[in-house]
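Chemist: Residue numbers (the working numbering), protein chains in the order written: chain X, 71 to 277; chain F, 71 to 277. All C-beta atoms in this analysis are idealised placements derived from N, C-alpha and C, irrespective of residue type, glycine included. This is the structure I have questions about; it appears just below.
Number of protein chains: 2
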Amino acid sequence: MIESKEKPTEELILDAAMKVFTRKGFAAARMEEIAKEAGINRALLHYYHRDKQTMFNRIFESRFKEFFKGLFVIFESDNISLFEKIKRMVDHEISTLMKHPDLARFIITEIAQSPDLLIEYGKKLGINPRVFIEAFEKQIAKEVDAGLIRPIEGKQLLINIMSLCIYPFVAKPVIQTMMSLNENNFYDMAEQRKIEVSEFIINAIKK
Amino acid sequence: MIESKEKPTEELILDAAMKVFTRKGFAAARMEEIAKEAGINRALLHYYHRDKQTMFNRIFESRFKEFFKGLFVIFESDNISLFEKIKRMVDHEISTLMKHPDLARFIITEIAQSPDLLIEYGKKLGINPRVFIEAFEKQIAKEVDAGLIRPIEGKQLLINIMSLCIYPFVAKPVIQTMMSLNENNFYDMAEQRKIEVSEFIINAIKK
DNA sequence: CTTTTGTTTAACAATTTAGTTAAAAATGAT
DNA sequence: ATCATTTTTAACTAAATTGTTAAACAAAAG
Numbered sequence: 071m072i073e074s075k076e077k078p079t080e081e082l083i084l085d086a087a088m089k090v091f092t093r094k095g096f097a098a099a100r101m102e103e104i105a106k107e108a109g110i111n112r113a114l115l116h117y118y119h120r121d122k123q124t125m126f127n128r129i130f131e132s133r134f135k136e137f138f139k140g141l142f143v144i145f146e147s148d149n150i151s152l153f154e155k156i157k158r159m160v161d162h163e164i165s166t167l168m169k170h171p172d173l174a175r176f177i178i179t180e181i182a183q184s185p186d187l188l189i190e191y192g193k194k195l196g197i198n199p200r201v202f203i204e205a206f207e208k209q210i211a212k213e214v215d216a217g218l219i220r221p222i223e224g225k226q227l228l229i230n231i232m233s234l235c236i237y238p239f240v241a242k243p244v245i246q247t248m249m250s251l252n253e254n255n256f257y258d259m260a261e262q263r264k265i266e267v268s269e270f271i272i273n274a275i276k277k
Numbered sequence: 071m072i073e074s075k076e077k078p079t080e081e082l083i084l085d086a087a088m089k090v091f092t093r094k095g096f097a098a099a100r101m102e103e104i105a106k107e108a109g110i111n112r113a114l115l116h117y118y119h120r121d122k123q124t125m126f127n128r129i130f131e132s133r134f135k136e137f138f139k140g141l142f143v144i145f146e147s148d149n150i151s152l153f154e155k156i157k158r159m160v161d162h163e164i165s166t167l168m169k170h171p172d173l174a175r176f177i178i179t180e181i182a183q184s185p186d187l188l189i190e191y192g193k194k195l196g197i198n199p200r201v202f203i204e205a206f207e208k209q210i211a212k213e214v215d216a217g218l219i220r221p222i223e224g225k226q227l228l229i230n231i232m233s234l235c236i237y238p239f240v241a242k243p244v245i246q247t248m249m250s251l252n253e254n255n256f257y258d259m260a261e262q263r264k265i266e267v268s269e270f271i272i273n274a275i276k277k
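Written out as structure tokens, the structure is:
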């Protein structure tokens, strides 16, 4: 049997839920649509998963992790030059978002509606951006003092990096329409940005 | 009577609807919440406005205009240097979003859910980004050819500008929590970005 | 073959929400 | 004071949606 092992239904449902929640958000997502996306019916949805809110929580947790993990890992690694770190952050972030183009918009819009989610799931998953941010700010201050880069606040630089990496995906439908980019064009553009953005940032801050 | 002339109820309702739709999106917005926000009851809502969808359309149109107008105006103005144009674009965009911090997220998430909105309202309001974008690309190509700036694609530069201006507002709740910024701190940061971003971009592209 | 497990069907209850209506009350102008 | 307009109250309808249930059915396992 060269049959591909079929996924258990419970996971099919979670995959479907992820898709629907991600593209519609909690409020606009319909259980019916999730069932259809999973190729089953509504009754079976509840056979495996208590209710909409519970399903959403599971999905949100895993997507939250996907979005926030990784970014920080890179910066913690010491003995790498700032420019190299930036290159890796940018590459990592854009690569992640190319695999999950709706991830950032999903996380941001859900957090915008209930800001507590960020604190709640941050705690639950042991993700503490502040530690990372402070380390980043310290390193930037050091480099500025040493005259290695132009004066810039760590916070601002960090926001710039995030913006350049994340925004194109958040605004993907807008950008695609405005610039007449089909899926392939968009991904080519995103792929190109891995280098473009790194260079842009480095040129912006180097002396 | 030093009484301030009170707004007519119909406008009070529209103001309230704008707030609620903007922070919740169409799907999660509740007529009850709009009524409460306007300080009236649900019946009066329908006395002045047909239904939720009609109200939403009016709100969306005006916010759409707010978001897309203005940006383009600046670029059309000729006989200004590229750097000066960028400065003005950045200043204009950040100023607009400081006045309407939820505007970008609202427009982007609604368009993400129904991409047709961008085409539909673009036509309706005579907003044609492509003309503007092509002009921008042409000017960048010219400047690159003339050796006045580093080589960069117009599309990429434009996306960079938008990203740096818009993302901080789209991700405002995330950034505020991650960086422990209260409202005042956030606005100070945004205000600072008017210059920070301009310089960042110009340093990134100048030779 | 029988039993267990997974799945569908279809009907249903409960809840939420949008939207309507008629009557009463409040407001403001003449 | 009277009249028209605005607003509230409260009850109601209609629709959409979530979640439940029981019975039938299919598939897989023993």
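(1) Using a Cβ-Cβ distance cut-off of 9 angstroms, determine whether residue 234 of chain F contacts chain X.
(2) Just to confirm, are residue 101 of chain X and residue 122 of chain X a CB contact at a threshold of 9 angstroms?
(3) If we require 4 or more residues per run, which alpha helix (DSSP H) segments fall completely within the segment 169–211 of chain X?
(4) Which chain F residues sit within Cβ distance under 9 angstroms of residue 156 of chain X?
(5) For residue 276 of chain X, which residues does DSSP report across the bridge?
(6) Name the chain X residues whose beta carbon is nearer than 8 angstroms to that of residue 238 of chain F?
(7) Starting from residue 150 of chain X and walking both ways along the alpha helix (DSSP H), at which residues does that stretch end?
(8) Note the first and the last residue of the continuous alpha helix (DSSP H) segment covering residue 88 of chain F.
(9) Are residue 273 of chain F and residue 267 of chain X closer than 9 angstroms when you measure CB to CB?
(10) Below 7 angstroms on C-beta distance, what does residue 203 of chain F contact in chain X?
(11) Here's the rule: buried if 16 or more other CB atoms are within 10 angstroms of the residue's CB, otherwise exposed. What is residue 186 of chain X?
(12) Does residue 210 of chain X come within less than 9 angstroms of chain F when only Cβ atoms are used?
(13) Taking 9 angstroms as the CB-CB limit, is residue 183 of chain X close to chain F?
(14) Counting along the chain, where does the alpha helix (DSSP H) carrying residue 115 of chain X start and finish?
(15) Smallest Cα separation from residue 226 of chain X: which of F/166, F/126, F/246?
(16) Taking 9 angstroms as the threshold (C-beta atoms), are residue 95 of chain X and residue 209 of chain F in contact?
(17) Within a Cβ cutoff of 7 angstroms, which residues of the same chain sit near residue 103 of chain X, ignoring the five residues on either side of it in sequence?
(18) Run through the segment 215–264 of chain F for me and flag every whole alpha helix (DSSP H) of 4 or more residues, listed as ranges in chain order.
(19) Check residue 139 of chain X in the structure and name its three-state DSSP category.
(20) Measure the CB-CB distance between residue 218 of chain F and residue 270 of chain F and report whether it falls below 9 angstroms.
(21) For residue 188 of chain F, decide whether its Cβ has a neighbour in chain X, counting only Cβ atoms nearer than 9 angstroms.
(22) Relative to the C-alpha of residue 240 of chain F, which candidate in F/135, F/216, F/79, F/168 has its C-alpha closest?
(23) Quick check: residue 175 of chain F and residue 242 of chain F, are their CB atoms within less than 9 angstroms of each other?
(24) Is there contact between the segment 108–126 of chain F and the segment 78–89 of chain F, where contact requires at least three CB pairs shorter than 8 angstroms?
(25) In this structure, how does DSSP classify residue 121 of chain X when only helix, strand and coil are distinguished?
(26) List the whole-angstrom C-beta distance separating residue 177 of chain X from residue 206 of chain X, where the pair is believed to meet the contact cut-off of C-beta under 8 angstroms.
(27) Going straight from the alpha carbon of residue 114 of chain X to that of residue 160 of chain X, what length do you get?
(28) Alpha carbon to alpha carbon, what distance is there between residue 126 of chain F and residue 257 of chain X?
(29) In terms of residues, what are the limits of the alpha helix (DSSP H) holding residue 102 of chain F?
(30) Do the CB positions of residue 80 of chain F and residue 262 of chain X come within less than 9 angstroms of each other?
(31) Residues in its own chain within less than 6 angstroms of residue 118 of chain F by CB, not counting five upstream and five downstream?
(32) By alpha-carbon positions, which one of X/144, X/157, X/213, X/216 ends up nearest to residue 199 of chain X?
(33) Within its chain, find whatever has a CB closer than 6 angstroms to the CB of residue 197 of chain X; leave out the 5 residues flanking it on each side and keep chain order.
(34) Should residue 72 of chain F be labelled buried (16 or more other beta-carbon atoms within 10 Å of its own) or exposed?
(35) Step through the CB atoms of chain F and report whether any lies within less than 9 angstroms of the CB of residue 160 of chain X.
(36) Check the Cβ of residue 225 of chain X against every Cβ in chain F and list those closer than 8 angstroms, keeping chain order.
Modeler: Taking the definition as stated:
(1) For residue 234 of chain F, the nearest beta carbon of chain X is closer than 9 angstroms to its own beta carbon.
(2) Inclusion of residue 101 of chain X and residue 122 of chain X in the CB contact set at 9 angstroms is warranted, their separation being smaller than that value.
(3) Within the segment 169–211 of chain X, the complete alpha helix (DSSP H) runs of at least 4 residues are 173–183, 186–194.
(4) None at all; the shortest Cβ gap to chain F is about 13 angstroms.
(5) Beta-bridge pairing by DSSP links residue 276 of chain X to X/219.
(6) Under a criterion of Cβ atoms nearer than 8 angstroms, the residues of chain X adjacent to residue 238 of chain F are, in order, 229, 233.
(7) That residue, residue 150 of chain X, is in no alpha helix (DSSP H); it is neither H nor E in DSSP.
(8) Start and end: 79–98.
(9) Not a contact, by the Cβ cut-off of 9 angstroms.
(10) Neighbours of residue 203 of chain F across chain X, judged by C-beta separation under 7 angstroms: 248, 249.
(11) With fewer than 16 other Cβ atoms within 10 Å, it is exposed.
(12) Residue contact check for residue 210 of chain X against chain F: no CB pair falls below 9 angstroms.
(13) Yes, because at least one Cβ of chain F sits closer than 9 angstroms to the Cβ of residue 183 of chain X.
(14) Its alpha helix (DSSP H) spans residues 112–118.
(15) Distance from the Cα of residue 226 of chain X is smallest, within the candidate group F/166, F/126, F/246, for F/246.
(16) Cβ distance not < 9 angstroms, so residue 209 of chain F and residue 95 of chain X don't count as in contact.
(17) These residues qualify, in order along the chain: 90.
(18) Uninterrupted alpha helix (DSSP H) stretches at least 4 residues long and entirely within the segment 215–264 of chain F occur at 224–240, 242–248, given in chain order.
(19) Residue 139 of chain X: coil per DSSP, three-state reduction.
(20) No Cβ-Cβ contact shorter than 9 angstroms links residue 218 of chain F with residue 270 of chain F.
(21) Interface residue, yes.
(22) Looking at the Cα atoms, F/168 is the closest of the given residues.
(23) Yes, the pair counts as a contact, with Cβ atoms nearer than the cut-off.
(24) The segment 108–126 of chain F, when compared against the segment 78–89 of chain F, does touch it at the 8 angstroms Cβ threshold.
(25) Secondary structure at residue 121 of chain X: coil, using DSSP grouped into helix, strand and coil.
(26) Not a contact, Cβ separation roughly 20 angstroms.
(27) For residue 114 of chain X and residue 160 of chain X, the distance between alpha carbons rounds to 42 angstroms.
(28) Rounded to the nearest angstrom, the two C-alpha atoms are 33 angstroms apart.
(29) Looking at the DSSP string, the run of the alpha helix (DSSP H) that includes residue 102 of chain F is 101–108.
(30) Not closer than 9 angstroms, so no.
(31) If we look at residue 118 of chain F and ignore the five residues flanking it on each side, its Cβ neighbours are 80, 83.
(32) Taking only the C-alpha atoms, the option nearest residue 199 of chain X is X/144.
(33) Here residue 197 of chain X has 138 as same chain residues with Cβ atoms under 6 angstroms from its own Cβ, once five neighbours each way along the sequence are excluded.
(34) In this prediction, residue 72 of chain F scores a pLDDT of 29, lower than 50, which makes its location untrustworthy; no coordinate-derived value is stated.
(35) Not one chain F Cβ lies under 9 angstroms of residue 160 of chain X.
(36) Residues of chain F passing the Cβ test: 249, 259.
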